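Residue numbers (my numbering), protein chains in the order written: chain U, 409 to 667; chain E, 4 to 231. Every residue gets a Cβ at the ideal spot worked out from N, C-alpha and C, and that includes glycine. Everything numeric in this text was worked out from a predicted model, so none of it was measured. Heads up: the structure comes next, in structure tokens.
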Amino acid sequence: MKATDTVLAELRKSATLPATAVAAGIAVLGCAGIALLNAVHVRDAPAAGRADLVGYTAPAEAVFSAAPLGAVGAVVLGVTAVSSEYAINSPGAGGGRQVLATLTAIPRRPELLVAKALVVALLVAATAAVALPVSLAIVHAVAGPVAADGLLARSVGAGIYWMLTALMAMAVTVFARGGVLPLIVLITNSSLVSVSVLLAKVTPLAFWLPDLAGMRLFAGDLVVGADRALDAPTGGLVMAAWTAALLAAAAAVLVRRDA
Amino acid sequence: MGGAVAAELVKIWTLPAAAATALGTALAAALLTGVVAASADGIDAVAAVLAVVPPLQVGPVLLGVLIVASEYSGTQARTTLTAVPDRTVALVGKTTAFLVAVTATSAASCAAGLVVARVVAGGTASPSPVAGAAAHLALIGLLAFALALLLRALVPALVGALGTLLVVPPMLASVTEHARWLPDRAGSALYLPDSAAVLAPGVGLLVLVGWITVVGGAAAWAFLLRDA
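Structure (structure tokens):
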């Protein structure tokens, strides 16, 4: 098979997974829903004389405070792209695993991982390209014009954050060869009570961990700890370096280990 | 019925992932509580334990999802129903066995956290909120168990439960006071009785039990009527 065939095959496999549809749904509907709630709140709170209850009044924040939900969708997408290969089929149908068929068709394992990474990045980018503009449009319609200042950079930043998150989820799943552990670790860490945030209270080195390093790609000044976080370009590069290192390790593991 | 409960207990006990989850939850409780107690100056031991309850919810959730999903990842569900054809008995037996496991896990985790926090930070506050935290964790586990029984698959149940319990509440809480009706917020009234703008302990418990009743009722209905 040519390299493009490999990518197309992986794209077809990933795009037809039910979990991929769910992941895209979480990202798009979740972001739009939270953005709508935030926008209503931003619009109504000052009028009700309770502006003190809102952490922010800028409509732009209403969009990007929903970004962690998109990261959850990205995690689900990245994890299931790999874990579906290792899921054991029903014993009535032979109890096999798809990975054996995959590696028979594509014996060059690094090529397989590169194709999978490309597909995951592509699917996340497509999801972000829908989720963020929809959220922006909702906020624009409900809470009024969104300030254009830095909007494009933060939107692209959120998309990059999701993409890197999905690629790291994918790499971790290659180590684990199953979906449970990566899903737990990464979804828990996407929440506001993440282990990284807890660690950041102990040592500023925690801001170099992958999830906190990239937070300034989209997060505004009002997010907890944002004042101490790495700035967007540095943090993005640190996060990209983590991703590259994890993918390289995943490739080494995938090449050396029995399927 | 006693036989069904005993059989389900043996299945849980011999499921390596379940044992690892229970042990891991207790270890994580001790570790996280130690970190919190060491990092915050002047924090009381009990407050340190309560601060780590939200991330600890992962343990009971995983326990509930694993115990159900392991039956459906192969043919064990059919074996179970061949051995115990009365589905009501099978359901009650499994739920009882799970409650034993999750209560033991939650209680052990909270106790381990409390011991570590007392050693690290000291403190003299009454430990009764910690018992409430253990009850909250057990009920959250039951909710995940019911969700997994309804969905019969590991990944959707895990993503649904973790998302509802850990990711969505902080986001909703920043925009609407109605976030207090979410299961983990309602249950937190069991161990944070004096926090503002949440429900009274009794009401919080009722709301959490209501969630479990709705999801568990749907799961029980599906389990009794659906093909295995």
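Which two residues bound the contiguous alpha helix (DSSP H) that contains residue 188(E)?
Judged by DSSP secondary structure, residue 188(E) falls within the alpha helix (DSSP H) whose first and last residues are 186-191.
Could you tell me which uninterrupted alpha helix (DSSP H) segments, each at least 4 residues in length, are contained entirely in the region 460-517 of chain U, listed from first to last along the chain?
List check, alpha helix (DSSP H) in window: 467-472, 475-494, 506-513.
For my contact list, residue 59(E) and residue 112(E) are in at a C-beta cut-off of 8 Å; report their separation, rounded to the angstrom.
The distance from the Cβ of residue 59(E) to that of residue 112(E) is about 6 Å, consistent with a contact at the 8 Å cut-off.
Does residue 548(U) get closer than 9 Å to chain E when you measure Cβ to Cβ?
It does not: the Cβ of residue 548(U) has no partner Cβ on chain E nearer than 9 Å.
Between residue 227(E) and residue 90(E), what straight-line distance do the alpha-carbon atoms span, to the nearest angstrom?
Distance between residue 227(E) and residue 90(E), taken at the CA atoms: about 6 Å.
Taking contact to mean 3 or more Cβ pairs, one atom from each stretch, closer than 8 Å, check whether the region 92-105 of chain E and the region 170-189 of chain E are in contact.
Too few Cβ pairs lie closer than 8 Å, so no.
Tell whether a beta-carbon distance below 9 Å holds between residue 37(E) and residue 434(U).
No.
Is the beta carbon of residue 3(E) sitting closer than 9 Å to the one on residue 68(E)?
Residue 3(E) is absent from the model: chain E starts at 4 and stops at 231.
Backbone CA spacing between residue 109(E) and residue 481(U) [nearest angstrom]:
Roughly 29 Å between the two C-alpha positions.
Measuring alpha carbon to alpha carbon, tell me which residue in 78(E), 31(E), 25(E) is nearest residue 106(E).
Comparing Cα-Cα distances from residue 106(E) to each of 78(E), 31(E), 25(E), the minimum goes to 25(E).
Note down, in chain order, every chain U residue with its Cβ under 7 Å from the Cβ of residue 42(E).
The answer, in chain order, is 609, 610.
Just checking my contact of residue 647(U) with residue 572(U) at CB under 8 Å: how many whole Å lie between their CB atoms?
Residue 647(U) to residue 572(U), Cβ: 5 Å. Contact.
Run through chain U and tell me which residues come within less than 7 Å of residue 78(E), C-beta to C-beta.
By Cβ distance, chain U contributes 499.
For a cutoff of 9 Å on Cβ pairs, would you count residue 115(E) as touching chain U?
Taking a beta-carbon distance threshold of 9 Å, residue 115(E) does not count as an interface residue toward chain U.
Below 8 Å on the Cβ atoms is my guess for residue 450(U) versus residue 533(U); work out the distance and round it to an integer in Å.
Contact between residue 450(U) and residue 533(U) is absent: CB atoms are separated by about 28 Å, not below the 8 Å threshold.
Proximity test, Cβ basis, 9 Å: residue 437(U) and chain E:
It does not: the Cβ of residue 437(U) has no partner Cβ on chain E nearer than 9 Å.
Taking Cβ positions only, does residue 445(U) come closer than 9 Å to chain E?
Residue contact with chain E for residue 445(U): present (Cβ-Cβ distance below 9 Å to some residue of chain E).
Is there a Cβ from chain E that is less than 9 Å from the Cβ of residue 414(U)?
For residue 414(U), the answer is no, since every Cβ of chain E falls outside 9 Å of its Cβ.
Count the other C-beta atoms from every protein chain shown that fall within 10 angstroms of the C-beta of residue 410(U), then say buried if there are 16 or more, exposed otherwise.
Exposed, since its Cβ has fewer than 16 Cβ neighbours within 10 Å.
Neighbourhood of residue 626(U) by C-beta, 7 Å cutoff - its chain only, sequence neighbours within 5 removed
Hits under 7 Å: 472, 475, 562, 565, 566, 569.
Compare the C-beta of residue 467(U) with all C-beta atoms of chain E and state if any pair is closer than 9 Å.
Residue 467(U) does not count as touching chain E.
Simplified DSSP assignment, three categories, for residue 95(E):
Three-state DSSP puts residue 95(E) in a helix.
I want to verify the contact list: residues of chain E whose CB lies under 8 Å from the CB of residue 473(U), in sequence order.
In chain order: 174, 177.
When you check each C-beta in the region 25-38 of chain E against every C-beta of chain U, which residues fall closer than 8 Å?
Those residues of the region 25-38 of chain E that come within reach of chain U (Cβ to Cβ, closer than 8 Å) are 35, 38.
From residue 624(U) to residue 643(U), what does the alpha carbon distance come to, in whole angstroms?
Separation of residue 624(U) and residue 643(U) (C-alpha to C-alpha, rounded to the nearest whole angstrom) is 7 Å.
Answer yes or no: does any C-beta atom of chain U fall closer than 9 Å to that of residue 166(E)?
Yes, its Cβ sits closer than 9 Å to a Cβ of chain U.
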